[in-house]
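A short write-up of the structure that comes next.
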């Protein structure tokens, strides 16, 4: 509890509103009225009324704190120093009663110690309880004095009357926030992003002409040599062959896979060939017309100074139709020609005609001879508008222009990020306490949940279990922040929808946000159609990947509002006598089937009893592991230390410094004791200048760079090593042997270099001593193991495995007798929105009760329909004719197909509904608060221009997939809301990083700045959601633990990431049985009903030869031909096994992988096959998060020729990605991966109890062992 300022009854609290009314809202005083109106103070609707209200009120108690213990300057000329502070006021009882229940007035203020009034920056409401927190000072009962303009009172009078003065201001409580420190880091990152964007754009080069040709692309491995005469030899790729279009009939006739693509050849002009090399290495390039260069000169100026064509500054545009993205670089034509030669051949280019060339050449003959034109060739989409290329040498067209990295929207995002940080600094947010909580998770005590909002079970809109209902109740009663952890398949999206539904009933406005459009769409589309829930999704583009339209765009609000009104009527109309008869037939079948399964309940009860024993063992295992948490930290430190030592030893051996290594005190000690003196002498002797002598890793890197990397012999050795690897990859072993011999010879020559030899000896000594340290720490690690617990844990794991085997056998007996029942229940649950379970103990009673309840509901609806039939039919006919609204809810009318009446009524009512009825807004985290419509949008025809989220008075911000968001991304939408609900799972995908060390090096080199890659990486890699959960504030945190997606065996695999905390109900496993019997092509068993998880080892091919991953020229991604082959064979076998089976819905099958290149190749291959018995999806793991399928095949891809302990398999070490990949399957999971490449991988996984403590597991080895125990481990030879 902080200190107290008493009042003798004569002092007042001065509130200065001059900044608000005379600066911030000088030109829009009406907006102040809106702010006051949204405070919802009874009888107070305007800014003037609010000031009068304050004057007539007494402050019962005031809680005030300074933000940090430092002042800052304000104004450009003003040198006065001010404090930032947060104030909350509990008014006297009469005035306080006018506020909403448990709501108090909050102010973000500036305080000048010389004139101690509170200058108001923002007004907000807070639901923090009226008691001081430890960092706050309490000001006792005092009168309020309102100041409307500067110099209204003399400073002396204010000092005499104010309860605050220069002496007690310095004694006010301080909220020491990490925000300023974090803000500095983020501003540094934004500066880097801006510098990088400018550099990438500056790399742009002009092209003076282009040629587009449509060709056919075929993978080399599928290429038929009979078509050699059709090859377009000028286009080259490591893995593809390009053919003339005339080859298409032959390819089609042979049933071969091919792809049509456009190839564009650009005549690129450069004044420095190194620029071409830089742009060649740049991804995501586009071509743009000259006019999009903001500083492109008029042609007559260009003729006076042709070098101006290389100056480039991108013009921000709303319309991006003239920006054409390019795909792969497929070649750089041999040879280059001077500009003057090119101009002579072309005749007319952007500089002018040949006549003008002769004039310009007089002054620039040297440049025109030195500047070169090269031909770069790129793949380009077939969907481009060729009209963009039809006019030559025109700055508005693409026959010439720039080859550029555009980065559309990146500069806007950078500017907006800076604005958000500025707003927070100035307290210009809806809830400054909540913002500061994100930076002080253990300091600010936010209001704990209360039971003010009560929801009975029958008031829930969705079918939820107990823990889901409790999560909803807790979210609604959490006044400031609520964190919901939703592991895979636990129904988090349904919980979000229920929270939004309940908030809508409470008249709260909600903003639902996420990183990607798909997550938002999932929530928005699943919300119910009813008048209380009016949603708009703010996006000016469709989801580019799914091509799905936005059915809730603002111009459709009237249409959707009418649909929601019509919904209840159509629900009644859809109940026909046929529906009732069908339901009664199913009811009869279900009851007969239950009666015929005499032994079902007995076996099922045994399964439940065994599950109880397994749960009890899991609880004991958790208890033992929790007791080890203190030792886990020590063990993990030792393991981390060992990894760093191994990495440093590898660096010293391979001299590859492209890795971040943490140099510990132990490594530093070895360095200082063993080689520091020798290395210092060596540095002195060779006159090497060190930039950071305290950074050991930088010193080693710098010395190696000066002595070794600059040596031509050393460079030749490295080139030879790369060539040797390439030769082996292409099976050219003789050439590889020649390179090995050359390497041996070069190394002997290198040793004759005295300095190089001496440095290598120093590195060798350091490496040996590090090896000694590694042995010592390994011994310490062995000693740190808790032997007693390990013995007990092993015993419990064996006992659990035995019980699981018994349970599995009983489950198979139950399953074999309930297949027909299970399919019928699936159908009934789906058709009638029930939640029946096969293995419920009281199944018969539950079936009868559920079916009777639903039957009664249908009878009531039918009776109502019969009674109102005439009215319903008339209204239905009117809705259809006037608005195109029918009772087919899967059918959506495109906005362009609206009826005339619908358009007229949309024009009349859309703005009113948006401003008064819409209560759910949806947008991505990085979207602007000011939503503007595209110029071609139908919204323009309806008179809609823009939506400003700042004026929409959002109450609650819900962020889905919050674990993928950085702190800055969370802050962006948060500034609009008063309460925050974060939903995510930090054990799934973290923030996605595009940062590369090479980008940082390039920016530092070209700007002279000193950005630190490791610091930027750590800033971006940190999940804010994980940090907040790690604060362990259980009053505002809930974790869903019952999963409904997957069969129990699949969940057992996933549960390794959740300390076995997840539960699956027995009926879920019964409903998720795949019942497949899949044979290989030679007739041997592959997949059977006994197991839901399989692993196919891709270490060796069908001939027992090692099979390695592959890469592609100009790509950093990877693919694996053997895994593609195994996947295709598995797909074929599953498709065959499904022949003759009938399903209510065709099964879905997803093939997912960590690598985009592998996915693209798979997509091409599956096009060759017609799979008739399942719906196939092929995607990356990252893009498949949040989705699921009945059967999932995961391709791990990695199997490097040389296995390294320190690099090369990073994706496989990320527990979040593994978790996402393995948790997508409902009924069957098939993992295709090289056991050789994963068996030794250790993965750090945080404990559920404390995310700040991690344990290290050999996850893959454990999973393979479990699958092998269940007879699910297969080799490529067995499958192929």
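Numbering (full-length UniProt numbering), first residue to last: 1 to 1280.
No residue lacks a Cβ here, since even glycine has one placed at the ideal position from N, Cα and C.
Distance from residue 767 to residue 667 at the Cβ level is roughly 12 angstroms; contact not present, criterion being Cβ atoms closer than 8 angstroms. With distances taken between CA atoms, residue 956 lies nearest to 506 out of 1042, 550, 506, 1001. If the five residues before and after residue 193 are omitted, its C-beta is found closer than 6 angstroms to the C-beta atoms of 414, all from its own chain and listed in chain order. Secondary structure at residue 114: coil, using DSSP grouped into helix, strand and coil. Going by DSSP, residue 556 is part of no alpha helix (DSSP H) at all; its letter is neither H nor E. In summary, residue 1199 is buried, with 16 or more beta-carbon neighbours lying within 10 Å of its beta-carbon over all protein chains present. The continuous stretches of alpha helix (DSSP H) do not include residue 295, and DSSP gives it neither H nor E. In the DSSP assignment, residue 432 falls within the alpha helix (DSSP H) that extends over 432-437. Under the rule that a run must span 3 or more residues, the beta strand (DSSP E) segments found entirely inside the stretch 1188-1271 read 1189-1195, 1225-1233, 1243-1246, 1254-1257.
In the assembly as shown, residue 203 is a buried residue. Its beta-carbon has 16 or more other beta-carbons within 10 Å. Membership of residue 100 in any alpha helix (DSSP H) is not indicated, and neither H nor E is assigned to it by DSSP. Assignment of residue 427 by DSSP, reduced to helix, strand and coil, places it in the coil class. Cβ contact annotation for residue 993 (same chain, cutoff 8 angstroms, sequence separation greater than five): 1017, 1020, 1021, in chain order.
The way I'd put it, the stretch 1024-1042 does touch the stretch 480-495; three or more beta-carbon pairs between them come closer than 8 angstroms. Contact between residue 122 and residue 95 fails: their C-beta atoms lie close to 20 angstroms from each other, not under 8 angstroms.
Here the alpha carbons of residue 1145 and residue 177 stand approximately 55 angstroms from one another.
One Cα belongs to residue 1094, the other to residue 1271, and the distance between them is close to 8 angstroms. In the DSSP secondary-structure assignment, residue 262 is bridged to 214, 380. Minimum Cα-Cα distance from residue 1012 among the listed residues 457, 188, 330 corresponds to 188.
Taking the Cα of residue 9 as reference, the smallest distance to any Cα among 532, 161, 890, 1122 is reached at 161.
About 45 angstroms separates the beta carbon of residue 959 from that of residue 773, a gap too long to meet the 8 angstroms contact definition. Secondary structure within the stretch 953-994: the beta strand (DSSP E) runs of 3 or more consecutive residues, fully enclosed, are 956-959, 979-984 (chain order). Along the length of the stretch 323-378, whole beta strand (DSSP E) runs at least 3 residues long occupy 324-332, reported in chain order.
Residue burial is scored here from C-beta neighbours: residue 32 has at least 16 other C-beta atoms within 10 angstroms and is therefore classed as buried. With a cutoff of 7 angstroms on beta-carbon distance, residue 734 and residue 724 are scored as not near each other. In this structure, residue 196 places its C-beta atom within 7 angstroms of the C-beta atom of residue 1003.
Counting along the chain, residue 142 sits inside the beta strand (DSSP E) bounded by residues 137-147.
Contact between residue 903 and residue 883 does not hold, since the beta-carbon distance rounds to 10 angstroms and is not under 8 angstroms. Look at residue 1145 here: in three-state DSSP terms it is coil, with no helix or strand label.
Boundaries of the alpha helix (DSSP H) harbouring residue 665: 665-674, taken from the DSSP string. Judged by DSSP secondary structure, residue 460 falls outside any beta strand (DSSP E); it is assigned neither H nor E.
Annotated three-state conformation of residue 696 is helix, per DSSP.
Under DSSP, residue 209 forms no beta bridge with any residue. Under the DSSP definition of a beta bridge, residue 83 partners with 111.
Per DSSP, reduced to three states, the secondary structure at residue 894 is coil, with no helix or strand assignment. Distances from the CA of residue 40 to each of 87, 641, 950, 102 were compared; the closest alpha carbon is that of 102.
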